[in-house]
Amino acid sequence: MRATGVGSMPGEDYLETLKVVTGELSDLAFVPELPARGAAAGMIGRTLGIVSELAIDLQPAGWRLAPGDGVDHRRSVSLLARDLDAVEEHLEEYDGAVKQQITGPLTLAASVALPRGERVLADHGARRDLAGALAEGVREHLADLRRRFPGRELVLQIDEPGIQAVLTGSVSTSSGFGRYRTVHPPEADALLRSVVEAATDAGATPVVHCCAAHVPVALLAGVGFAAIGFDLSLARPDDAWAEAFEQGVDLWLGSLDEPAVETFMRRLGYEPASYGERSVITPPCGLAGSTPAEARRALADAQRIAARF
């Protein structure tokens, strides 16, 4: 069993964070996100940094599609490139796999605005175009990672914290007085699948992470993800999880409570010997809100629990 982090970390010192990541995780390092450095370094800005087909800028209300590229989008692109230079140099002696995180197409559509102010989520064609641009960005980005880390296992984690809100029509409009229409499962499947196939075609292992309650397990398992990551404390060990695991979808268990991990899997009908090679231990969610000491301890605990299994 391996251990890794979800993605976000506290602070603004990127090199120090890399030392923590590689010092605590022996088999599956991740490219850290430090959102304290500003919007360009957060999960949305970070993801938009790999999207080159669309013009994007940053407004007081957040990121939006625009007639021309804004300075903040260019900063996202350059910041990611500098960070990857640092990761490449720092991982020269690291033998494990490398994981990159991006925001998935559904959460991205709920987070990025159209030029007129409403979210991309409001427009079927815009949702499709954004997902297509993201898929193309994934291909280009993974090709860059392959050049930087030849011979390494590459994992692409697709973060979808907002997927359940999108599927249930719970995302507020810009006015706050309404809700966007539900994105139905067939369309959600198609949008997710376009990104998953881009990752697979580029030779990466696609993993989805959702640390919200009510993970749509059956939908995600059917899209083609190799694994689903989730907050164990919010999940019920029901048939959906068991069926996904039986279908070959690995589980990334978001918990630093060893007995809770064992209890969850036992209720699915599995003993440690049968799931150790198909599971990864992570903290329940990102660590940006933690202190540096707490974040280091969380990664160390994840590695310790994984080693015990």
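Sequence positions in the sequence shown follow the numbering used here and run 1 to 309. Glycine included, each C-beta is placed from N, C-alpha and C at the ideal position.
Report all residues from its chain with a CB closer than 8 Å to the CB of Ala-61; omit the five preceding and five following residues, and keep chain order. Ala-113, Gly-117 and Ser-174
Nearest to Leu-234 by CA position, among Asp-69, Pro-283, Gly-132 and His-141, is which residue? Pro-283
Please state the DSSP three-state secondary structure of Thr-168. coil
Using the DSSP secondary-structure output, state which residues sit across from Trp-241 in a beta bridge. None, per the DSSP bridge assignment.
Exposure of Ser-78, with buried meaning 16 or more beta-carbon neighbours within 10 Å: exposed
With distances taken from CA atoms, which of Glu-246, Glu-262 and Arg-75 is nearest Leu-253? Taking Leu-253 as reference, the option from Glu-246, Glu-262 and Arg-75 with the minimal CA-CA separation is Glu-262.
Is Thr-182 near the ligand SAH, with its Cβ less than 7 Å from a heavy atom? What this structure holds is no ligand at all, so the ligand SAH is not there to describe.
Can you tell me whether DSSP reads Thr-47 as helix, strand or coil? helix
Per DSSP, Asp-231 is paired with what? Gly-254
Sequence ranges, beta strand (DSSP E) only - wholly within the region 44-97, length at least 3: 56-59 and 62-65
Can you tell me which of Met-1, Leu-28 and Pro-32 puts its alpha carbon nearest to the alpha carbon of Asp-13? Pro-32
Excluding sequence positions up to five away, which residues of its chain have a Cβ less than 7 Å from the Cβ of Arg-308? Glu-258
Please classify Phe-177 as buried or exposed, where buried requires at least 16 other C-beta atoms within 10 Å of its C-beta. exposed
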